[in-house]
Amino acid sequence: MIDAAAAARAAALERGAIFSVFEELRFILYAAVAAITAGIGLMVKDNLDRIGPMTLIAVLAVVSAGCYAAALRTLWQRKERSIGGDYLLLLGALIVSADLGYAESQFHWLGTEWQWYLLILAVFHGASAYGFGSRLVLSTAIAALAAWFGIEGRAATLFSVDGSALSLGTHAVICAATLLVWAAANRRLGGPAAFVSVFENFAANIGFWGALALCLRPGYRFAGFGILSALAAASIYKALHSEEEIFAVYGTVYTALALCWLESQIIRYGLAVLLLELATVVTAAMLLWGFHRNAKTAHA
Amino acid sequence: MIDLRPTPQQERWMTVAARLRVMRGHPLILERLGGWSAPSFIARCACFVLGAVAGGLTMAVFEMLYRPAATLGAGLALIGAAEWLMLRKRLYHAGVEEALWSGGSLALAVHFLPSIGDKGLSITIALVLAAAAMRLLNPFLLTLAFAAASIAIDLASGHRLWGESGVAVGAGAFCYGVGAIALLFARIRFSRPSHDHMLSWLMIIMPLCGFLWLGTERAPAIRIDTALASGIFALAALMLGMYRRAHAPLLACIASFGCVAYQLRDLTALPLKLKLIVWGGAALFLAMGLDRYLRTPRGGITSCPSSEGTAALDLMQWFGAGALSPRAAPPSAAFKGGGGTFSGGGADGSY
């Protein structure tokens, strides 16, 4: 069933002969980076008058350069970067984001087209992610790209009546398509295979949120549902062929959510809506379970 | 004969199959599972949400059909459906049956005990959740039951949850006590992995609950006591975690050290931003130092990843890194000289 090395490793883990604290370290590192970036954000906000913009920009640039230098050294020494090194690189990338955003807000290099700094950031982080082979930095690049598309990541926007849900929906769908193109290019041009999963997970979530936002706008319900159905089919296809259960979860849960909303909007009779929604949710759960059964049989 | 749940041996095989994905679905494994089946952690969470929504909708249907006995009808229907899924379909820790069972039992409790006041309600919720946890062997429900019990203790000592003066010492001490007992009991070797998980959840969450009861108090004595309680718990958890080679005590230690750090917030006169940077920096360098030191295993302890599946944690890490990145300003916000709206590097403010 499993090879001797895997069996020996599993047995050693079970007996406690090997004990990995990798996940604990990852948790502490994430909390530390989050605390530092929050602190830097507050410092940038509060200390404008006292420090002055140039000093602040220079200090942040030096600190981020230090973080990148550590990653560069590991790269030149042809060593594998540790989890600590990966988070230090993430910190550097986040400081660059804060620094560039602050510099743009002070000097208005891009004028009224200030949003383009987000695309510049996405390109910079994307290039660093490829240079250093870091999935964490790739996540920041994707987040900057999504921000450039105007995706805020706030659920409240979905229910706004001022038209921002519509723009969010279309932008999110375009952003998801861009990510899928990026993933395809990455695959075709021999980019890191580990990046594909990051692209696909972000693309799935951003795309589904966009389709959901369209479903919630009265004039765009059916277009939104069409996009959502296509995404769901693609997700479930992906789940069936790659055995990544998360895509089955995306495909069923987002579709059930959209269907429940549409049913409540289109059908006016209370009991009928409730029964239909109940049937939708139960079907979604059964589909998810069916996928699990299928995956198990495929393994066998 | 109908099995109410998998035998301890079957449950252990399910854990092994989940850990080593390559073995999932192998005839040899399937034979040992006795027909019981559980999805991955992510699918379990999704199914729990779907089950909870289905429970709410069932309740609403019964409410429209026959209001006087809606909770009774919905409760019986939900528990019936959950039992059918477990006994006939052999679902175990699948999420959906857990949501249906706990929702159904809460509905029945509401039906039979309609007006019992806040204290009675929290005791009832605690008992119902504990019963659901025992039937389903679910650590999340058991932790919720103990949290509800701490609310009942607080109400019994004359307080009214939020916004009232008075210190919830009893509730806080109860939570710390439960955490400590869970830490102590974790040395026992249980035959069921779910019992280990129950103790793990209790030792991580309950000290945090205890801290939440007392952490907002400004009185110096309370602050010192909670910092001491969290500190002692963290040290004990650290030692036991390293001795037993277990993850849950280490996570409990990290969470409790976070509580200590919060209580020590006024130790220096530094502004919040500097505290965040200094403490964050200290944690970063400490973790990096440990990572470096343990890259070569020391006494079997290593910082290298184990071969156990961590797909859910990887996913959380990517989305977490994305969440720290700059976000777009609202489309309607006009560009302002000297700043405009900007949030970057985890900040969210206006310059």
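Read top to bottom, the protein sequences are chains W and H.
If you read the first sequence in my numbering, its first letter stands for residue 1, the second for the next number, and so on.
If you read the second sequence in my numbering, its first letter stands for residue 1001, the second for the next number, and so on.
We treat Cβ as the ideally placed atom computed from N, Cα and C, and that holds for glycine.
1) Exposed or buried, what is V1260 of chain H when buried is set at 16 or more other beta-carbons lying within 10 Å of its beta-carbon?
2) Taking its Cβ as the centre, do 16 or more other Cβ atoms sit within 10 Å of G1280 of chain H, making it buried, or is it exposed?
3) Just reading off the alpha helix (DSSP H) that V1016 of chain H is part of, what are its end residues?
4) Among residues of its own chain, excluding the 5 on either side of Y1092 of chain H, which ones have a beta-carbon nearer than 6 angstroms to its beta-carbon?
5) From A1329 of chain H to M1206 of chain H, what does the alpha carbon distance come to, in whole angstroms?
6) Can you tell which of W:F291, W:R293, W:A232, W:A279 has the C-alpha that lies nearest to the C-alpha of G1051 of chain H?
7) Please list the residues of the stretch 1238-1259 of chain H that have a C-beta atom closer than 8 angstroms to any C-beta atom in chain W, keeping them in chain order.
8) Taking the alpha-carbon of G1104 of chain H as reference, which of H:R1012, H:A1070, H:I1123 has the nearest alpha-carbon?
9) With a threshold of 6 angstroms on Cβ separation, who are the neighbours of A70 of chain W within its own chain once the five nearest residues in sequence on each side are excluded?
10) Taking the C-alpha atoms as reference points, what is the distance between A1287 of chain H and A129 of chain W?
11) If you follow the alpha helix (DSSP H) that N201 of chain W is in, where does it begin and where does it stop?
12) Could you name the residues of chain W that Q1317 of chain H contacts, counting a contact when the two beta carbons are closer than 9 angstroms?
13) Is S1194 of chain H close to chain W, meaning its C-beta is less than 8 angstroms from at least one C-beta of that chain?
14) Specify the secondary structure class of F149 of chain W as computed by DSSP and reduced to three states.
15) Helix or strand or just coil, what does DSSP make of T1302 of chain H?
16) I need the straight-line Cα distance from Q1317 of chain H to L136 of chain W, nearest angstrom please.
17) Is the shortest distance between the beta-carbon of G290 of chain W and the beta-carbons of chain H less than 8 angstroms?
18) Return the residues of the stretch 259-280 of chain W that lie within a Cβ-Cβ distance of less than 7 angstroms from chain H, sorted by chain order.
19) Under a CB-based cut-off of 8 angstroms, is A223 of chain W close to chain H?
20) Measure how close the beta-carbons of S1303 of chain H and L1294 of chain H come, nearest whole angstrom, since I'm counting them as under 8 angstroms.
21) Determine, for S1313 of chain H, whether the minimum Cβ-Cβ distance to residues of chain W falls below 8 angstroms.
22) Can you give me, in chain order, the residues of the stretch 1050-1083 of chain H that have a beta carbon less than 8 angstroms from any beta carbon in chain W?
23) Since G1044 of chain H is in the alpha helix (DSSP H), which residue starts that stretch and which ends it?
24) For W182 of chain W, I'd like the list of residues in its chain whose CB is within less than 7 angstroms of its CB, leaving aside the five on either flank, ordered along the chain.
25) Measure from the C-beta of R1292 of chain H to each C-beta in chain W and report whether the shortest distance is under 8 angstroms.
26) Just checking my contact of I40 of chain W with I1277 of chain H at CB under 8 angstroms: how many whole Å lie between their CB atoms?
27) Leaving out five residues before and five after M1059 of chain H in sequence, what residues of the same chain have Cβ atoms less than 6 angstroms from its Cβ?
28) Could you list which residues in chain W have their beta carbon closer than 8 angstroms to that of A1046 of chain H, in chain order?
29) Give me the subset of the stretch 195-211 of chain W whose CB atoms are less than 9 angstroms from a CB atom of chain H, sorted by chain position.
30) Is the shortest distance between the beta-carbon of C1209 of chain H and the beta-carbons of chain W less than 8 angstroms?
31) Between which two residues does the alpha helix (DSSP H) containing P1220 of chain H stretch?
If we stick to the structure as given:
1) Within the second sequence, residue 1260 of chain H is the residue found at index 260, counting from 1. Burial of V1260 of chain H is indicated by the presence of at least 16 other C-beta atoms within 10 angstroms of its C-beta.
2) The residue you call residue 1280 of chain H lines up with position 280 of the second sequence. So G1280 of chain H ends up on the buried side.
3) The residue you call residue 1016 of chain H lines up with position 16 of the second sequence. 1008-1019 is the extent of the alpha helix (DSSP H) around V1016 of chain H.
4) Residue mapping note: residue 1092 of chain H aligns to position 92 of the second sequence, counting from 1. Around Y1092 of chain H: P1006, W1036, A1038.
5) For the purposes of this step, residue 1329 of chain H is taken as the residue at position 329 of the second sequence. For the purposes of this step, residue 1206 of chain H is taken as the residue at position 206 of the second sequence. Because the pLDDT at A1329 of chain H is just 47, under 50, the model does not fix this residue reliably, and the point stays unresolved.
6) As a working note, residue 1051 of chain H is residue 51 in the second sequence. The shortest Cα separation from G1051 of chain H among W:F291, W:R293, W:A232, W:A279 belongs to W:A279.
7) Flagged, chain order: R1244, R1245, H1247, L1250, L1251, I1254, G1258.
8) As a first step, residue 1104 of chain H must be located in the second sequence, where it is residue number 104. When H:R1012, H:A1070, H:I1123 are compared, the shortest CA-CA separation from G1104 of chain H is found for H:A1070.
9) Start at 1 with the first residue of the first sequence, and residue 70 of chain W comes out as number 70. Around A70 of chain W: L88.
10) As a working mapping, residue 1287 of chain H is identified with position 287 in the second sequence. As a working mapping, residue 129 of chain W is identified with position 129 in the first sequence. Those two C-alpha atoms are separated by around 22 angstroms.
11) Within the first sequence, numbered from 1, the residue matching residue 201 of chain W stands at position 201. Looking at the DSSP string, the run of the alpha helix (DSSP H) that includes N201 of chain W is 194-215.
12) Locating residue 1317 of chain H in the second sequence gives position 317, counting from the first residue. Neighbours of Q1317 of chain H in chain W, taken as residues whose beta carbon is under 9 angstroms from its own, are R26, Y30, R135, L136, S139 in chain order.
13) Walking along the second sequence from the start, residue 1194 of chain H turns up at place 194. Closer than 8 angstroms: no.
14) Numbered from its first residue, the first sequence carries residue 149 of chain W at position 149. Three-state DSSP puts F149 of chain W in coil, outside helix and strand.
15) The residue you call residue 1302 of chain H lines up with position 302 of the second sequence. In the three-state reduction of the DSSP assignment, T1302 of chain H falls in the strand class, which pools E and B.
16) Within the second sequence, numbered from 1, the residue matching residue 1317 of chain H stands at position 317. Within the first sequence, numbered from 1, the residue matching residue 136 of chain W stands at position 136. Pairing Q1317 of chain H with L136 of chain W, the inter-Cα distance amounts to about 8 angstroms.
17) For this step, residue 290 of chain W is matched to residue 290 along the first sequence. The C-beta of G290 of chain W comes no closer than 8 angstroms to any C-beta of chain H.
18) Contact residues of the stretch 259-280 of chain W toward chain H are G270, L271, L274, L275, E277, L278 (C-beta to C-beta distance below 7 angstroms).
19) Along the first sequence, read from residue 1 onward, the residue named residue 223 of chain W stands at position 223. No, A223 of chain W lies away from the interface with chain H (no Cβ there is under 8 angstroms from its Cβ).
20) Taking the second sequence and counting its residues from 1, the one referred to as residue 1303 of chain H is at position 303. Taking the second sequence and counting its residues from 1, the one referred to as residue 1294 of chain H is at position 294. Rounded, the Cβ-Cβ distance is 4 angstroms, consistent with contact.
21) The residue given as residue 1313 of chain H occupies position 313 in the second sequence. Note on residue identity: the sequence assigns Leu, not Ser, to residue 1313 of chain H. So yes, L1313 of chain H belongs to the interface.
22) Here the close residues are L1050, G1051, V1053, A1054, L1057, T1058, A1060, V1061, M1064, L1065.
23) As a first step, residue 1044 of chain H is located in the second sequence; it is residue number 44 there, counting from the start. Here residue 1044 of chain H turns out to be Arg, not Gly, going by the sequence shown. DSSP places R1044 of chain H in the uninterrupted alpha helix (DSSP H) bounded by 1041-1065.
24) Position 182 of the first sequence holds residue 182 of chain W. Hits under 7 angstroms: F199.
25) The count along the second sequence starts at 1 and reaches residue 1292 of chain H at position 292. Yes, its Cβ sits closer than 8 angstroms to a Cβ of chain W.
26) Looking up residue 40 of chain W in the first sequence gives position 40. Looking up residue 1277 of chain H in the second sequence gives position 277. Contact check for I40 of chain W and I1277 of chain H: beta-carbon distance about 7 angstroms, within the 8 angstroms limit, so the pair qualifies.
27) For the purposes of this step, residue 1059 of chain H is identified with residue 59 of the second sequence, where counting begins at 1. These residues qualify, in order along the chain: A1074.
28) If you number the second sequence from 1, residue 1046 of chain H lands on position 46. Near A1046 of chain H (Cβ distances below 8 angstroms), the residues of chain W are V249, T252, V253, L288.
29) Going along the stretch 195-211 of chain W in chain order, one finds S197, V198, N201, F202, N205 with a Cβ nearer than 9 angstroms to chain H.
30) As a first step, residue 1209 of chain H must be located in the second sequence, where it is residue number 209. Taking a beta-carbon distance threshold of 8 angstroms, C1209 of chain H does not count as an interface residue toward chain W.
31) The residue labelled residue 1220 of chain H in the question sits at position 220 within the second sequence. Residue range 1220-1244 is occupied by the alpha helix (DSSP H) that includes P1220 of chain H.
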